[in-house]
Amino acid sequence: MRAIIVDDEPLAREELQEMLQSYPEIEVVAQFGNAIECLKHLKQPQAEVLFLDIEMPQISGLELANMIDSDNAPAIVFVTAYDQFALDAFEQNAVDYLLKPIDSDRLCKSIKRLKERLPSIKQTEADAPSNHSYQNMLKEQQLRLIPCYYQQRVKLIRLEDIEHASSDISGVHVATENGTYHTQLTLKVLEDKSPLLRCHRQHLVNVEAISEISLEDNGGAVLFTKSGAQLPVSRRYFKAIKEHFGL
365 MRAIIVDDEP LAREELQEML QSYPEIEVVA QFGNAIECLK HLKQPQAEVL FLDIEMPQIS
425 GLELANMIDS DNAPAIVFVT AYDQFALDAF EQNAVDYLLK PIDSDRLCKS IKRLKERLPS
485 IKQTEADAPS NHSYQNMLKE QQLRLIPCYY QQRVKLIRLE DIEHASSDIS GVHVATENGT
545 YHTQLTLKVL EDKSPLLRCH RQHLVNVEAI SEISLEDNGG AVLFTKSGAQ LPVSRRYFKA
605 IKEHFGL
């Protein structure tokens, strides 16, 4: 099992990696000191297990778990010094919840749980109801902030400030009244875990930002946002738009 450790304390990361060396079935492939670095790495699935600290600056471990695409979500073991987060952790359908300092016997139990859980996670939806439930649990969680990248900085954008999100060959971009920013999150994650509504294969829109709808002869439409942006609406997704506005 390939594993990633995410913790803002370097000593905690090193101690956990040293403890995991006692388990030949676990290979630690990366360590990260914050959620944003980890999120960029997880864009391409490279690990089956995530040992994740909860209390971290900017984006917490719970928020990071909520940002991961549910179709590629690794098994999560939360590792933290605070037991008050246990309920929230298991609402994220975590495999386990370890308290610092980590007890070796308790870690052994977590590894056993991972061995039991991973085969079902790797199965297809048709063969594994538990995997389907795991993905649905993640999809039900809602994002609060969207980490975006702008001029070598990370900007945390509130969902209500987003007018629309679009994808192109360079990635996914979210637009606000103050500018457009690149994010590592996929349109699918944004659609599943936010109020943004899909209007086109490459576009999501905040319905509160729509100022005008222009109907097209082909059965589609064009949305005009308050900032003046124009977004195409394909026939496939127009029904949801019409239902929202009672058209």
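Throughout, this note's numbering is defined as the position within the sequence shown, counted from one, plus 364.
Note that CB positions come from ideal geometry on N, CA and C, so glycine has one too.
The structure presented is a predicted model; accordingly, all values stated were derived computationally and were not measured.
By the 10 Å Cβ neighbour count, where 16 or more other Cβ atoms means buried, how is H564 classified, buried or exposed? buried
How big is the Cα-Cα spacing for Q381 and R366? 12 Å
Neighbourhood of K464 by C-beta distance below 8 Å, restricted to the same chain and skipping five residues each side: A376, V443, T444 and A445
Straight-line CA distance for S386 to A437? 25 Å
Relative to the alpha-carbon of V518, which residue among V393, N398, A394 and P388 has its alpha-carbon at the smallest distance? N398
How about P429 and V459: are their beta carbons less than 7 Å apart? Note on identity: in this sequence residue 429 is Ala, with Pro being the wrong assignment. Not in contact: A429 and V459 (Cβ atoms no closer than 7 Å).
Can you have a look at A411 and say buried or exposed, based on whether 16 or more other CB atoms are within 10 angstroms of its CB? buried
Which one of Q515, P421 and S575 has the shortest CA to CA distance from V370? P421
Classify R670 as buried or exposed, calling it buried when 16 or more other Cβ atoms lie within 10 Å of its own Cβ. An answer regarding residue 670 cannot be provided, because it is not within the stretch 365 to 611 covered by the chain.
Sorted by chain position, which residues of the same chain lie with C-beta nearer than 7 Å to S534's C-beta, five sequence neighbours on each side aside? none
Can T540 and D525 be called in contact, C-beta distance under 7 Å? yes
Quick check: is any heavy atom of the ligand SAH less than 6 Å from the C-beta of Y513? This structure does not include the ligand SAH; it has no bound ligands of any sort.
Selected residue, minimal CA-CA separation from H405, among M431, L587 and P388: M431
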